[in-house]
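Numbering (my numbering), first residue to last: 61 to 440.
Structural data, given as structure tokens:
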């Protein structure tokens, strides 16, 4: 194991007993805590991106899609970039970036030409097919935002969008890609009332905040001595959790290829955060598990999430933070129900159970359980 990944003086490894069990419950669709504003926003963003991809594939207009393409398409919609610029903006290694670029070129979503200012480099841009993909994706985002409005109400959704815009301003996040996305719409769609009213705004804001939150979290972890981490490693690390997982499972949840997950897993293993074990049920497979250093890192991720939420709370104030938190939680529960996530409701039940046990004692909690069984009998 390469213990150089954490360069500062090692602190005693925290165990699950040292922190709230509610805080350590990991949502398998996130790779982060299933409770809290940051995790809820990441989950909603993931759902919108995955649902958009599923609808695009259902149209049978596109041979292959992956969630890993989203960042590349969005950045190239903003302006042309060199491969190195894409890797830096996405927070991934040049090797991993080059692999996806080759896929996008093979699928004819992007084009490459010589860099006019650097003969050793090249510039990448969206092809006609890539621009069509972007336009179709925007249309599906419009549909999804309308679906969210039907769940929480248009007024509450617009309040959420306003709060996310305020949060972007507070964190000094520029949103140039939003104008480019809108300019991709054809005349018929661009003139519609739905599009003029910003019917993709929620996804656009959540996407940039998702990237900002991940960047902030991994900057915090780097400051705490965990070196060599990239933003795309966190989700894989969280999905492995304490139970261990197969590469196939992680790929299916994250919406990327098994090869991409294997590259990420190899990087985490080289840094000493995970270990591989033979699958006792299938000799052809391996199980990825957290190492002791990986377990410590997960605890620090949870602590960094709470620190980030505290800074957002301070910036927005009590009322705005509570409104943002409650609406995101409502959307998260809707997403969990549609996306097949089993993390949300059990996590709430676990948290409530422990609070009631502490409040009522064992005898009181048992009496409450008996009472609930009596009054709900026949209603399930």
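For glycine and all other residues, C-beta sits at the position ideal for the given N, C-alpha and C. No experiment lies behind these values; they were computed from the predicted model shown.
Going by DSSP, name the residue or residues bridged to residue i.
| i | result |
| --- | --- |
| residue 338 | 346 |
| residue 174 | 182 |
| residue 200 | Bridge partners of residue 200: none, in fact. |
| residue 141 | 184 |
Helix, strand or coil for residue i per DSSP?
| i | result |
| --- | --- |
| residue 305 | strand |
| residue 314 | helix |
| residue 445 | Outside the displayed range of the chain (61 to 440) lies residue 445, so it cannot be described from this structure. |
| residue 354 | helix |
| residue 260 | coil |
| residue 271 | helix |
| residue 386 | helix |
| residue 169 | coil |
| residue 266 | helix |
| residue 232 | coil |
| residue 421 | helix |
| residue 191 | helix |
| residue 154 | helix |
| residue 330 | helix |
| residue 367 | helix |
| residue 251 | Its pLDDT being 43, under 50, residue 251 is placed unreliably by the model, and nothing is read from it. |
| residue 116 | helix |
| residue 111 | helix |
| residue 124 | coil |
| residue 96 | coil |
| residue 213 | coil |
| residue 84 | Residue confidence is low: residue 84 scores 36 on pLDDT, short of 50, so the model does not pin down where it sits. Its coordinate-derived value is still stated next. Helix at residue 84. |
Quick one: what's got a C-beta closer than 7 Å to residue i's C-beta in the same chain, skipping five residues either side?
| i | result |
| --- | --- |
| residue 174 | 182 |
| residue 354 | 297, 333, 334 |
| residue 149 | 135 |
| residue 373 | 381 |
| residue 209 | 217 |
| residue 345 | 306, 339 |
| residue 426 | none |
Are residue i and residue j closer than 9 Å when you measure CB to CB?
| i | j | result |
| --- | --- | --- |
| residue 220 | residue 391 | yes |
| residue 273 | residue 127 | no |
| residue 387 | residue 125 | no |
| residue 195 | residue 261 | no |
| residue 217 | residue 105 | no |
| residue 328 | residue 281 | no |
| residue 311 | residue 321 | yes |
| residue 330 | residue 289 | no |
| residue 131 | residue 271 | yes |
| residue 191 | residue 137 | yes |
| residue 304 | residue 356 | no |
| residue 211 | residue 394 | yes |
Going by beta carbon distance, what residues of the same chain come within less than 8 Å of residue i, once the five residues before and after it are set aside?
| i | result |
| --- | --- |
| residue 176 | 183 |
| residue 380 | 223, 226 |
| residue 197 | 112, 116, 133 |
| residue 309 | 299 |
| residue 376 | 223, 226, 227, 230, 384 |
| residue 317 | 126, 128, 311 |
Residues in the same chain with beta-carbon distance under 6 Å from residue i, minus the five sequence neighbours each way, listed in chain order, please.
| i | result |
| --- | --- |
| residue 115 | 200 |
| residue 81 | Low confidence applies here, because residue 81 scores a pLDDT of 33, under 50, leaving its location unreliable; read the following figure in that light. None. |
| residue 33 | As shown, the chain starts at 61 and ends at 440. That puts residue 33 outside it, with no answer to give. |
| residue 171 | 185, 187 |
| residue 234 | none |
| residue 203 | none |
| residue 325 | 348 |
| residue 422 | none |
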